[in-house]
Each structure stands twice: as structure tokens, then as C-alpha cells.
Amino acid sequence: MAQVTRREGKLGVSYTLTANLGRDASGKQIRRHTTYKPPENWSKARQDREAQKAADKFEDGIKKGYQLDNRQTFAEFAEYALELKRREGTRESTIEAYRLLLERINPAIGHMKLIDILPTHLDVFYRQLSETGGRKTQARATAKIDLATEMKARGFTQKRLAEIAGISVNSVATACKSHVNRDTATKIANALKVKPEKIFSFEEYSEPLSNKTILEHHRLIRTILATAEKKMLVPYNAADKATPPHHKRKEPNYFQPETVYKILDAAETESLHHKTFINLAVVTGARRGEIIGLRWKNIDLIQG
286 MAQVTRREGK LGVSYTLTAN LGRDASGKQI RRHTTYKPPE NWSKARQDRE AQKAADKFED
346 GIKKGYQLDN RQTFAEFAEY ALELKRREGT RESTIEAYRL LLERINPAIG HMKLIDILPT
406 HLDVFYRQLS ETGGRKTQAR ATAKIDLATE MKARGFTQKR LAEIAGISVN SVATACKSHV
466 NRDTATKIAN ALKVKPEKIF SFEEYSEPLS NKTILEHHRL IRTILATAEK KMLVPYNAAD
526 KATPPHHKRK EPNYFQPETV YKILDAAETE SLHHKTFINL AVVTGARRGE IIGLRWKNID
586 LIQG
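Each residue of the sequence shown is one higher than the one before, starting from 286 at the first, in this note's numbering.
Here it is in C-alpha cells:
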């Protein structure tokens, strides 16, 4: 049942109405508040009675979606929206990709109430992403020593070091040849039982994002706010009225027919394995990973 707290002050009588909406996933009770001010010429009994009616109506309205839940923040609702996506069958890899985008989105607008988010807030955020990448700085680590030789001297293979460090083999290989982030470098150093600064040099830098990547953030914000609009938590979708950057599609770089014929002719001298791969790539236009992932169940020999 909704709760009512009477307050008397210099500006007269008012009531704080509290709607009880159950508990969240951590067991914390969810409460929402609003203020009710009755006419001054009513008796105290009537004021109390009408305040309780208003409180019950407020609580019932939020539960049924008729009232705007003004206290819910973007970050809180984003978790709910992603869970809805998961229940609808969205792949877990896609959900994880959304969470990576939220790592930039939440520091900018995650603390804001849904009802307070305006198109201008989003425009400022998109500009920040284009100027600084939406993050203060990130450390890039480059090996100061021949990391591959050091691993070999200590009896480590890339696979073994990756297992101990809790990272992928690709990350270890990248660290040997190029730069990685501070977290990866620290895990490698800990696995080798040396201080990170002894084998890596760290450079702080800030990198702007491409328009294409900024648009990915915009689309996720728009999707989350569209869900909030559908649930009647906001009067409109602020992302629909924001101005994200334009992304110009690059002209695809593709082989001309004469080049394709030369490739197919050259493939005739290769093994059946490579010849099949090349022909599939040319005929279907599939990606390398898609062809590698093919199984016999994907092929219909009867219908070709």
C-alpha cells in the first residue's frame, strides 16, 4: 500500500506520497515519491483522506504504466531494456556488445533520470565522442623487451601464458608484436611475475571515435529510450530528435571480372581444399569466417 507523510511548513500543508514497487534483483526495496498539496480550506481529516487516495492512485498508475516513473535513471532502465532483449532471443554476444557501448554511454547520461534527458544532452555526448572518444584517457602498453624471447626463456608458450593471465592467445601475440591496453599488459606481467613497468612502457592517450561507431552508440540509446516510451515512462524519445553525425558509406573495393577469372584460373593449380575455398568465396561472396564455419548440414547436394 502507498504511504503518506504529512508535512506542515511556512508554505502550508503538503504530503509526500510514496509508492512501493517491490524489490530489485539485489533485494533492495524500490520506492518512488511525489508531492501532493491539498486545498488549504479543507479539514485535516479530508486532507489526509484525499492524500491517501492520491497516493494509491500514484502507486497504481506507476505499476500500470499510466504515471511517469520520474526517478528511474537511464543506467537503471538500460539494464531492464537489455534483459528484455535477452528474453526476446537476442544473442548473448550482441548483449555483450551493447554493454561495451554502455561503458561510454553511462558515464555521460547514465545518472540522469529518463524524464530529464533532452536531445541537446545527446548532441553534447556525440560531440564528445567525436573529439575525445568519450573517455578521459586510456593507457597503451608497448613491450620494452623482446617479449617472445622472454616467454621462451621462462618456458612459456603463448597458449600457456594466456591461460595463466586469463586472456586470449591473440592478446599475447599482439603484445609481442604491437601495443595492448594497460589491463592486458598488467595481466601478462603478473603471469610472468614481474612488475608491469619493467617490461612495458605506458603511454596515455585519447582517441576520437569514427562517425560509424558514434552512430552505434546513438542507435542503442534510441532503442533503450524507445522501450521507455513504449512503457509510457517518457513522453517522447529524445534520441529521435537528437542530431548524430552522418556516416558516409565507402565505395566498396571489389575485383573486376577479368581479375576474378585470373584468380579462378590460378586456383586450378591449388589443392582441392584451397580451390574449393576460393570458388566458394567468389561464387557466394561469403566472408572467410562464414566459409570456415560451414558444415555438411549447411550444404544441399540434391538441389545444388
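No residue lacks a Cβ here, since even glycine has one placed at the ideal position from N, Cα and C.
Taking 6 Å as the limit between beta carbons, can you name the residues of its chain near R504, skipping five residues before and five after? none
Quiz item: Looking only at DSSP bridge pairs, what is K398 linked to?
Solution: T358
Would DSSP call S378 helix, strand or coil? helix
Is the CB-CB distance between A426 and V479 below 8 Å?
no
Only counting the same chain, and skipping five residues up and downstream in sequence, which positions put a Cβ closer than 6 Å to that of R291? Y300
(message) On the criterion of 16 or more Cβ atoms from any shown chain inside 10 Å, does A340 qualify as buried, or is it exposed?
(response) buried
First through last residue of the beta strand (DSSP E) which encompasses Y321: Q314 to Y321
Exercise for the section: Using 10 angstroms around the beta-carbon of H502, count the other beta-carbons present and answer buried if the total reaches 16, otherwise exposed. Expected result: buried
Exercise. Specify whether the region 395–413 and the region 512–530 touch according to this definition: at least 3 beta carbon pairs, one from each stretch, less than 8 Å apart.
Key: yes
**Request:** May I ask you to verify whether the region 443–452 touches the region 480–496, counting CB pairs closer than 8 Å and requiring at least 3?
**Result:** no
What three-state label does DSSP hand Y300 in the structure shown?
strand
| message | Quick check on E344: buried or exposed, where buried means 16 or more other Cβ atoms within 10 Å of its Cβ? | response | buried
query: Tell me the DSSP bridge mates of R425?
result: N466 and E488
Got a sec: does the ligand COA put a non-hydrogen atom nearer than 7 Å to the Cβ of R308?
-> Only the bare structure without any ligand can be found here, which leaves the ligand COA out of the picture.
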